[in-house]
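This report refers to the structure that appears directly beneath it.
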Amino acid sequence: MAELVVAAAAPAPAGRWGAAPPQELLERLKDYGQEGAFALWDELAPEERDFLVRDIQSIDLARIDRIVRCSLRSQGGPVPVVQPVPESSVATVDDRSPEDKERWWRRGLKAIAEGKLAVVLLAGGQGTRLGSSDPKGCFSIGLPSGKSLFQLQAERILCVQKLAAQSTDAPGNTPQIHWYIMTSPFTDETTRKFFESRRYFGLEPDQVTFFQQGTLPCVSPDGRFIMETPYKVARAPDGNGGVYAALKSKRLLDDMSARGVKYIDCYGVDNVLVRVADPTFLGYFIDKGVSAAAKVVRKAYPQEKVGVFVQRGRGGPLSVVEYSEMDASMTTEINQTTGRLRYCWSNVCLHMFSLEFLNQVTNSLEKDSVYHLADKKIPSIHGYTAGLKLEQFIFDVFTYSPSTALFEVMREEEFAPVKNANGATYDTPDSARLMLLRLHSRWVVAAGGFLTHSVPLYMTGVEVSPMCSYAGENLEAICRGRTFHAPSEISL
Ligand SMILES: *[C@@H]1O[C@H](CO)[C@@H](O)[C@H](O)[C@H]1NC(C)=O
């Protein structure tokens, strides 16, 4: 950048665009109050002018203008009155009978065998907090197998496909679960290469579709573009909720429709225990006939920094309130009858949607154009400037859903996120690995296996390959009466 400043100081020879910026583009910028983007035109070298013109041309000015205006306007509006999620909207673990579980499992497998389920993975993030600039999904948490997050998830998809095939009359016809993987400009190329070099972990290459989430200009508090350099608008990814705009603009909802997909399982990349394409959850979703569903876990303690589901107004839609938006009394409020937290259903980014609902909601989101405004220090030509990043969140769609069901799951079975580097107090590779090893060890013991170990058992365990078992099923034949030395991987 220092070099370019020097270049800009020299008298700029007339380039492709001459001494004045292209008139038509300047007029369009003026229409939206963004002509400041050309403020340093006179100082730019010819190739910088070309770059700036292309940069501005790549921005959908009308759309961004609408987003900025609608988002600024909705800021600081009245706080919606919320109340706890009604009991009737939650299927708790305690309420669930073995018959329910069996029914949902079969129903889900049947729908998967019929090709009705697709999976959307949110994988735009880098492992920055884990000390890596690689996509988070490439990260290995140090399991005995050495598998990356992507590989664990791919193999779980393979396993569900196999189970779905076995559940039909024609077990030879393995159904395909299409996997849509959302990357970002920072992770796209590395992610594709990672999958190619590892032969898609056994999946068919054509059952995986990569697509990039969008970016949006960063703006000043009064809505003007912030310039990262004299010839480039500062931009940031549009949040994990950018998945909706991306699915729509890349026509992937149509692609799903053409494949006969009816249901979409959507989750974040960093959960080591994620049950991708979970037949039970799908069966429950179909059974309830809802538009949207979320797996939830009980909040571990009142101050836990998680978003929780609430109901907006009496009889209103369910939505997620962020930890930062909750006041102390709401965070700690106890229901006197049950003795439990009133607001206890943590959102863990494990969602199921009907395709029909996603088609509707992407239109509604685009029409409303309300994004969250995150106050950030944005790198700019004036150093770090106070500005706003525009983001949508994956859970923003719940307020639009005509019907939402919550499905409680056990944290130790399904939720072990990797967010922080080892040494932090929670959500580390070490903590996630231990949760997986403990869960899988319990499966092995329940299936009649034995464990020996040279380090204390509370620090280790065995890993069960997803090629053997998805959620602890079908392990008797492999484990009964056998002894496994921990740590190790049990595979076929
Ligand atoms: C407390 O919990 C009970 C049982 O789940 C429920 O019926 C009641 O509405 C709750 N009370 C409040 C004030 O939320």
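Going by the working numbering, 318 is the number at position 318 of the sequence shown; the sequence numbering is gapless.
Ideal Cβ placement from N, Cα and C applies to all residues, glycine included.
Assigned with DSSP and collapsed to three states, Glu304 falls in coil, not helix or strand. Distance check between His440 and each of Val370, Pro487, Pro417 and Lys419 places Pro487 closest, using alpha-carbon atoms only. With a cut-off of 6 Å, the C-beta of Pro302 is classified as distant from ligand 1, since no heavy atom of the ligand falls inside that distance. Three or more beta-carbon pairs separated by less than 8 Å are not found between the stretch 174-194 and the stretch 293-306, which leaves the two stretches without contact.
The continuous beta strand (DSSP E) containing Asp375 extends over residues His372 to Ser380. Around the CB of Tyr371, 16 or more other CB atoms lie within 10 Å, so the residue is classed as buried.
Remark: C-beta atoms of Cys468 and Gly449 do not approach each other more closely than 7 Å. Here Lys232 is bridged, per DSSP, to Thr229. Contact check for Met352 against Phe415 fails: the beta carbons are separated by 7 Å or more.
Close CB contacts of Ala246 within its chain, under the 8 Å cut and outside five residues either way in sequence, are with Met182, Phe211, Gln212, Gln213, Gly214 and Leu252 (chain order). Of the residues assessed, Asn173 falls on the exposed side of the cut-off, its CB having fewer than 16 other CB atoms within 10 angstroms. The beta carbons of Gly77 and Val269 sit no closer together than 7 Å. Distances taken from the Cβ of Pro84 to the heavy atoms of ligand 1 include one shorter than 6 Å.
For Asn347, the enclosing beta strand (DSSP E) starts and ends at Trp345 to Ser354. Short of 8 Å from the beta carbon of Ala328, and not among the five residues preceding or following it, lies no beta carbon of its own chain. The DSSP assignment places no complete alpha helix (DSSP H) segment of no fewer than 4 residues inside the stretch 103-132. A Cβ-Cβ contact shorter than 7 Å links Val276 with Val119. Between the alpha carbons of Leu434 and Glu413 lies a distance of about 12 Å. For the 7 Å CB-CB criterion, Leu72 and Gly223 form a contact. Straight-line spacing of the CA atoms in Arg129 and Asn420 works out to 6 Å. For Phe393, the CB contacts under 7 Å within the same chain, skipping 5 residues up- and downstream, are Gly239, Asn240, Gly241 and His372 in chain order. Runs of beta strand (DSSP E) with 3 or more residues, each lying fully within the stretch 358-440, are found at 372-380, 383-391 and 404-408, listed in chain order. Those residues having their beta-carbon less than 5 Å away from any non-hydrogen atom of ligand 1 are, in chain order, Asn335, Thr337 and Thr338.
Leaving aside the five residues that flank Gly202 on each side, the residues in its chain whose CB is nearer than 6 Å to its CB run, in chain order, Leu158.
When DSSP states are grouped into helix, strand and coil, Ser58 belongs to the coil group.
If you draw a straight line from the Cα of Lys30 to the Cα of Lys376, it is about 26 Å long.
The beta carbon of Glu322 sits closer than 8 Å to those of Gly307, all from its chain and outside the five residues before and after it, given in chain order.
When DSSP states are grouped into helix, strand and coil, Val464 belongs to the strand group. Taking Tyr458 as reference, the option from Ser431, Ala45 and Pro221 with the minimal CA-CA separation is Ser431.
Excluding five sequence positions before and after Glu114, the CB atoms of its chain that fall closer than 8 Å to its own CB belong to Pro175 and Gly260, given in chain order.
From the listed residues Tyr470, Leu437, Leu475 and Glu476, the smallest Cα separation to His485 is found for Leu437. In terms of Cβ geometry, Val85 and Phe407 do not form a close pair [threshold 7 Å]. Counting C-beta atoms within 10 angstroms of its own C-beta, Val320 has 16 or more neighbours from the protein chains shown and is therefore classed as buried. Residue burial is scored here from C-beta neighbours: Met227 has at least 16 other C-beta atoms within 10 angstroms and is therefore classed as buried. C-alpha of Leu152 to C-alpha of Glu463: approximately 11 Å in a straight line.
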